[in-house]
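Just so you know, the sequences run in chain order A and B. In terms of the numbering used here, the first sequence opens at residue 20 and continues consecutively. In terms of the numbering used here, the second sequence opens at residue 20 and continues consecutively. Where is the CB? At the ideal position from N, CA and C, for every residue including glycine. See structure below.
Number of protein chains: 2
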Amino acid sequence: MKQATIRKAFETFLREHSLKLTPQRMRILDRAFETHEHFTAEELYGWLRDEGGSSVSRATVYRTLSMLVDGGFLESLDSGRGELLYEHVMGHRHHDHLLCIDCGKIEEFTDERIEALQKEVCEARGFELVDHDLRLQGYCRSCSLKRTRENKKRPDPLNVQAERERSAGASTDGGGGKSARRSLGRGGAAKSAARKSKR
Amino acid sequence: MKQATIRKAFETFLREHSLKLTPQRMRILDRAFETHEHFTAEELYGWLRDEGGSSVSRATVYRTLSMLVDGGFLESLDSGRGELLYEHVMGHRHHDHLLCIDCGKIEEFTDERIEALQKEVCEARGFELVDHDLRLQGYCRSCSLKRTRENKKRPDPLNVQAERERSAGASTDGGGGKSARRSLGRGGAAKSAARKSKR
DNA sequence: GTGGTTGCAAAGACTTTGCACGCTA
DNA sequence: TAGCGTGCAAAGTCTTTGCAACCAC
């Protein structure tokens with residue numbers, strides 16, 4: 020695609036920040052924009068390694084990815100499954116996500132009305148909105164159909180959810196268990212960056 | 020508050036799942052519901068340790084917290100700062116979050132209109148919504164005012180870095196863009212559970 | 001009694017960092 | 001040439017797991 024434009028923007032970015040243009044950084048940038056899916060640092064590292072060519076170390080991948088996020092070239096997203104996903108942001112404007120808790124597929128969408136309401140909520144509270152992150156979790160069309168068909172086969176995290184509704188008196192809408200996938204045992208962890216600012 | 024109700028629900032939950040009622044579990048449940056803020060597993064562990072009384076091991080805290088999430092007593096939330104936060108969910112209905120990227124404060128809110136639109140978006144795509152997670156990041160009222168007063172820089176979408184770089188030395192931090200806290204230094208990690216499902 | 005639990009410490013997963021050398025500007 | 005950037009491996013952080021002793025039911 021307009022890879023040239025992106026490279027240019029990247030070069031400008033580097034220059035403005037007295038950062039150097041290295042083949043590793045360029046390769047990471049290119050590969051990141053070559054994918055129109057979400058990927059993890061580890062995955063990108065794997066691609067670069069498998070595709071041969073000049074090698075790029077894992078550390079450089081992490082460092083560069085982090086830099087690209089800071090520069091606004093990429094955006095990071097917590098999949099909610101314990102992985103930090105990246106996606107390029109130039110070109111297609113901000114969007115929110117639909118994550119299938121069954122097959123893991125990620126769909127994107129945007130809705131101006133929702134965005135507008137978010138701003139409204141913030142303004143009403145004197146909150147200065149900088150960014151937002153909306154994740155809708157559930158079953159994508161195909162997984163949903165599959166479930167309906169099989170009718171009986173519940174994703175069965177441990178079917179704790181069903182009980183929950185009842186015992187917890189989880190009132191209102193059956194908006195179910197957010198923890199569908201993290202059943203017992205392996206709970207979930209999720210950390211990321213910035214522990215430094217953790218006070 | 021209605022701690023009795025909660026304990027009862029918990030006991031029922033345990034019974035229904037052939038799980039045992041142990042003093043550790045009870046203590047963790049109580050402490051979790053005693054707090055009306057968000058907390059991390061590590062924090063809860065610290066409280067229990069510092070407050071004396073029968074000891075509870077770190078592993079048990081993690082295990083129980085995970086169980087409480089599965090049971091629908093708690094909900095987990097990725098603060099976006101690399102920590103997995105927990106909060107009790109009984110009583111107060113679902114809500115979304117406003118996270119201050121400066122002071123770290125977390126505010127909660129709900130907006131039926133946004134919820135409705137989310138459902139609409141899903142229906143239009145044949146997506147079966149199970150749960151959602153909306154996080155608005157920015158500056159809370161007080162931090163926003165403080166910034167205005169100090170006439171701080173604007174959070175440039177793409178050049179947040181320039182400022183960041185500079186303020187990095189002077190610290191005091193003025194807060195930058197979304198990734199303000201991520202840049203150099205110790206980022207963080209991001210892992211979790213469900214790694215098993217990571218193909 | 002018996003099987004679920006707890007504790008401890010070791011194992012894991014993902015990401016960052018220290019250091020010495022290489023390469024960009 | 002002067003530094004920034006890279007690679008490597010070790011260090012970190014938060015969380016999970018193996019296992020033997022324990023305890024609730």
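Looking at the structure shown, is residue i part of a helix, part of a strand, or coil, going by DSSP?
| i | result |
| --- | --- |
| C159(B) | coil |
| V140(A) | helix |
| I47(A) | helix |
| L38(A) | coil |
| F58(A) | strand |
| D130(B) | coil |
| E147(A) | strand |
| T191(A) | For T191(A), the predicted model reports a pLDDT of 33, less than 50, meaning its position is unreliable; a value from the coordinates is still stated below. Correct three-state label for T191(A): coil. |
| V80(B) | helix |
| G91(A) | coil |
| E70(B) | coil |
| K165(B) | helix |
| K27(B) | helix |
Is residue j closer than 8 Å to residue i when the C-beta atoms are compared?
| i | j | result |
| --- | --- | --- |
| T129(B) | D115(B) | yes |
| V108(A) | G157(B) | no |
| L63(A) | L84(A) | yes |
| S51(A) | L87(A) | Before going further, note that residue 51(A) is Ala rather than Ser in the sequence given. Going by C-beta atoms, A51(A) is nearer than 8 Å to L87(A). |
| E106(B) | H57(B) | yes |
| R160(A) | R144(B) | yes |
| L104(A) | T59(A) | yes |
| F32(B) | G90(B) | yes |
| L48(B) | R82(B) | no |
| M42(A) | S76(A) | Going by the sequence as given, residue 42(A) is Pro instead of Met. It is not a contact, given that the beta carbons lie outside the stated cut-off. |
Assign residue i to buried or exposed, taking buried as 16 or more other Cβ atoms, counted over all protein chains shown, within 10 Å of its Cβ.
| i | result |
| --- | --- |
| R34(B) | exposed |
| L164(A) | exposed |
| R46(B) | buried |
| G71(B) | exposed |
| A78(A) | exposed |
| R132(A) | exposed |
| R44(A) | buried |
| A222(A) | Nothing can be reported for residue 222(A): it is not among the residues displayed for chain A, which extend from 20 to 218. |
| A28(B) | buried |
| C122(A) | exposed |
| G142(B) | Looking at the sequence shown, residue 142(B) is not Gly but Glu. When all chains shown are included, E142(B) counts as exposed. |
| E134(B) | buried |
| E102(A) | buried |
| S202(A) | Low confidence applies to S202(A): its pLDDT is 30, below 50, so where it sits in the model is not reliable enough to give any reading. |
| E139(B) | exposed |
| E94(A) | buried |
I'd like to confirm the pairing. Which residues does DSSP put opposite residue i in its beta bridges?
| i | result |
| --- | --- |
| S85(A) | Answer is none; S85(A) lacks a bridge partner. |
| D97(B) | L103(B) |
| L153(A) | L153(B) |
| I220(A) | The shown model of chain A, from 20 to 218, leaves out residue 220(A), and the question about it has no answer. |
Could you spell out where the beta strand (DSSP E) holding residue i opens and where it closes?
| i | result |
| --- | --- |
| E106(A) | 103-107 |
| H116(A) | 115-119 |
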